[in-house]
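One structure below.
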Amino acid sequence: MMADDLFAPEAAIDIRGVTRRFGDRAALDGVSLTVPCGAVFGLVGANGAGKTTLIRHVLGLLRAASGSVRVFGLDPVADPAGVLGRVGYLAEENDLPGWMRVDELLRYTRAFYPNWDDAYAAELSRAFALEPAARIKNLSKGQKARAGLVAALAHRPELLVLDEPSSGLDPIVRRDILGAIIHTIAEEGRTVLFSSHLLDEVERVSDHVAMIDRGRVVFSGDLDEVKEMHRRLTLRFEVPRPAPPALAGALAWEGSGREWTAVCAGRPAEFQRAAEACGARIVEERVPSLDEIFVAQVGTHCPVRGED
Amino acid sequence: MRSPALALAWQLWRPHRWGFCAIGAGLAVLATLCRILPAASSKSLGPLTGLLVFWALIYLLSVFVYSDLSPGAKHAGFPARMFTLPVRTSVLVAWPMFYGMATVALLWLAAAWLVLVPCGLSPAHGWWPALLCAACVACFQAIAWTLVGSPLARLVVAVLVLPGWVLAGVHSAFFTSLNGLVTGLVGAIAASYVVAVAGVGRDRRGGTPLVVWLLRRLDGIMSRLPRRRSSFPSSARAQLWCEWREKGLVLPLLLGCFMLVLLLSIPATEFDALLLLRVLAAVLVLPLVLASFVGFGMGKTSFWAKDLGLSPFAATRPLSSGTLALAKLRTAALSAAAGWAVMLLLTVLWVVLSGSWGQVAKWWGLFCQGRGAVEIWAVVPLALVGAIGQTWAQLAAGLSTALTGRAWVVNGVTLLSLVVVAALTTAGVWTASHPDFLDTLVGVLWGVAAVALPAKLLAAWSVVRALLRQRLLEATVVAGLLGVWVVTAGCLVGLNYLLIPDAVAPIHLLAAGIVLGLPLVRPLAAPLALAWNRHR
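As they're listed, the protein sequences go chains Z and G. If you use my numbering, the first sequence corresponds to residues 1 to 308, in order. If you use my numbering, the second sequence corresponds to residues 1 to 536, in order.
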């Protein structure tokens, strides 16, 4: 199947206006997203925000009710073999067949990918201390994740899709997964899309990030630019305040009395003027972490709209 | 809800309430018919009631043996999540066991009091089957919670034990006193309870069942044996290997278990010509009946999965939906052939060991009288190809239904099949007691065939068009599937032509029945069903 000319050739994934409802609930609501080739794209959001639904659309496991999904210019529903042959996938709910032995899993998986690299598979298996004769169902959760990772990586996929790969795993397995992502980045032209709750991981390896909340994309773009568009401001007031003020761009507040701290979105140059307008001075200003931005965007501690 | 007994009852009731209601509604309909129909006609309700009770019993067994059956689960006995409840093991076991026994006993009593006794189909004192059903449930629960750790081993034990219970019931009813029967059944219930408490208590303490321990040791030995390391020649072959290893052996294994029961029954049974004929008929019918059920399991990602949806691992194989479905259809063909091989080999062994060879040879001689050599020897290949083809079609129809991934489709097809079987059975029984109805029945059947045959062929044509339009299968592969169906149908028609005299049943009527009864649309639609499930 020919790649669709309407979609940008430099995009590994191009999602346009995808909407998906499960009953009355909109799991995705007009989502548009572009994952450039060679990017490490982190997908963050609260539980039930729509991350897994979006990834399932990318893999063609869900059909977009409206809008379109293209992976390397191909429709993953119309041409699943064409798309999935170029993708390595590791899911949170590791559903590898429990009856297979590790070596059987690798022998079976190898048959689907012409680019399968036996030497790399052996190297990864050794590094992860995978016992070839062990049955998958008898492996620990971490070892199962490692076996899945070997199967996802050994054919050197052009796109690696990881859906909450580190969820519930110990730090050593998480390190292995991050190492695999970094290794994949090091190889020219490979793209990684991964969703995670562990925002320090996302911040560590991603160069692009998108946040989804209740089926909508809150923001998406270069990680540095996203962080640059946010500020964590500590404001001091002359008199104690029972509630935070109304500050343009403030996403979330915490504090009490004279000192209040806000995570704000907008142009940093405008924050000083806005603070003065509400009778406060900025005593501390810094770029927030992705974790702070996430909490501010999704889980506000105080009402965003304060007193006038 | 402050009592553990009520909480456990609610846990069993809530997810299965519609199933319980369906059984109750079925009994209510039969009871109403029993009162509406004239006395002579109400006897035809017997097979229908038997069918309902049989299905309900199977369903209730699956409900009350409520074990964790998740694919790949390390634990497959009593639900491990319940071990942390602040309830003694004896209580944890007693209530589900009591509810199971009470429900199946009530099922039988309701069927007897509402339908069988009023219709004159069962003596008023025939309450002992209720106790037999209750003991059967308790025995199954004890097996499921104690003796076996793998779903397959459990199914094998169930297949071995169920005929044993039927035999026990039949023999007890006709050959021993009622008191002896009751004592034996109560003893079986008590023993089941003690065994189940011991088994659940051991699981609760983190112990390993003996069978699981043995299986692990066996697996350890197997892991040291040399395994194939060469690559698969193609991805389609790899998928076929995966499907076969996962589901291919279920049908042959179940058939082998049935034949094992038959072989073990040789010393205890005297086989006269009639019993021999019945056993051989059962041997012929069983693969076809079992194939319908096993097919549903083959359509799922894992045979034991409760979820009908494709797992992400299976759905993300870089193959087209047509290739994935073909691997399943090929596995079904291998499974059908292996099943019949097991069945034929063990049947020959059984015939020899049971001393029935002479009787079978006599029947064969009778069959050969007045027939030419070609006609005689054509029967064997026709029967073999027809049987394997029909079994494959049954498996493929079941797997195609389950492949849709929609419970409402599976339930709908099951319900429709039950209605058709019940209607045909009732019509057959009615006609047996009212021979003058035969002409009317044949007329009705022709009428149904006149509508159903074109509808079936039209549906098949639509499916073929969709397969080709969506490029799920190559035209040659579709032609191959159609060819398998035509050859199977041809063999079955030829076999019926050779075996059944035209005076008993005209060949054109049999041919119409075969064309209607041999699944065509669902096997063809397997790739469409898989694509529907894969891209939701």
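Built from N, CA and C at the ideal position, the CB exists for glycine as well. It should be emphasised that the depicted structure is a prediction, and the values quoted were computed from it without experimental measurement.
With its beta carbon at least 8 Å from every one in chain Z, G/Pro527 lies outside the interface. Between G/Ala525 and G/Val463 a beta carbon distance of about 5 Å is seen, short of the 8 Å cut, so the two are scored as contacting.
If you draw a 10 Å sphere on the C-beta of G/Met222, you find fewer than 16 other C-beta atoms in it, and that means exposed. Counting only runs of at least 3 residues, the stretch 151–195 of chain Z fully encloses the following beta strand (DSSP E) elements, listed from N- to C-terminal order: 159–163 and 191–195.
According to DSSP, Z/Glu270 shares a beta bridge with no other residue.
For G/His535, the chain Z residues whose C-beta falls within less than 8 Å of its own C-beta are Gly60, Leu61, Leu62, Arg63, Val77 and Pro80, listed in chain order.
DSSP, read as helix, strand or coil, puts Z/Asp117 in coil.
Linking Z/Val18 to Z/Pro288 through their CA atoms gives a straight-line distance of about 30 Å. Using beta-carbon distances, Z/Ala122 does not count as an interface residue toward chain G, since no partner is under 8 Å. If you look at G/Thr323, you'll find it in the alpha helix (DSSP H) that goes Ser321 to Leu353. For Z/Tyr113 and G/Arg237, the gap between their C-alpha atoms comes out near 13 Å. Judged by their CB atoms, Z/Ala262 and Z/Leu223 are not nearer to each other than the 8 Å cut-off. For G/Thr316, at least one C-beta of chain Z is nearer than 8 Å to its own C-beta.
Contact annotation, G/Ala393 with G/Trp485: C-beta distance approximately 7 Å; criterion of less than 8 Å satisfied. The alpha-carbon separation between G/Leu445 and G/Gly339 amounts to approximately 33 Å. One finds Pro97 and Trp99 in chain Z with Cβ atoms closer than 8 Å to the Cβ of G/Glu246, taken in chain order.
Contact residues of the stretch 433–460 of chain G toward chain Z are absent (C-beta to C-beta distance below 8 Å). Taking all protein chains shown into account, G/Trp145 has 16 or more neighbouring C-beta atoms within 10 Å of its C-beta and is therefore buried.
Shown here for Z/Ala151: same chain residues with a beta carbon closer than 7 Å to its own, the five before and five after excluded, namely Leu105, Leu106 and Thr109 in chain order. With fewer than three CB-CB distances shorter than 8 Å, the stretch 126–142 of chain Z does not count as touching the stretch 351–362 of chain G. With fewer than 16 other Cβ atoms inside 10 Å of its own Cβ, G/Cys21 counts as exposed.
In this structure, Z/Leu149 and Z/Val87 do not form a Cβ contact; the two beta carbons are roughly 14 Å apart against a cut-off of 8 Å.
Legend: CB atoms of the stretch 225–249 of chain G lying less than 9 Å from CB atoms of chain Z belong to residues Arg227, Arg228, Arg229, Ser230, Ser231, Phe232, Pro233, Ser234, Ser235, Ala236, Arg237, Ala238, Gln239, Trp241, Cys242, Arg245 and Glu246. For G/Gln239 against G/Ala383, the beta-carbon gap comes to about 32 Å, at or over 8 Å, which does not count as contact.
For Z/Ala274 and Z/Ser166, the gap between their C-alpha atoms comes out near 40 Å. Z/Pro240 sits in a strand when the DSSP states are folded into three classes.
A distance below 8 Å separates the beta carbons of G/Val200 and G/Phe78. Rounded to the nearest whole angstrom, the CA to CA distance from G/Val93 to G/Tyr193 is 8 Å. Around the CB of Z/Arg231, 16 or more other CB atoms lie within 10 Å, so the residue is classed as buried. Residues of chain Z with a Cβ closer than 9 Å to the Cβ of G/Asp219 are, in chain order, Arg135 and Asn138.
Separation of G/Val360 and G/Trp241 (C-alpha to C-alpha, rounded to the nearest whole angstrom) is 39 Å. Within the DSSP bridge table, the entry for Z/Met211 names Z/Val44 and Z/Phe219 as partners.
In this structure, the alpha-carbon of G/Pro519 lies about 45 Å from that of Z/Ser195. In terms of CA proximity to G/Gly207, G/Phe83 leads the group G/Phe83, G/Gly19, G/Ala378 and G/Leu286.
Residue pairing by DSSP puts Z/Glu259 in a beta bridge opposite Z/Arg236 and Z/Ser256. At least 8 Å separates the CB of Z/Ala277 from every CB of chain G.
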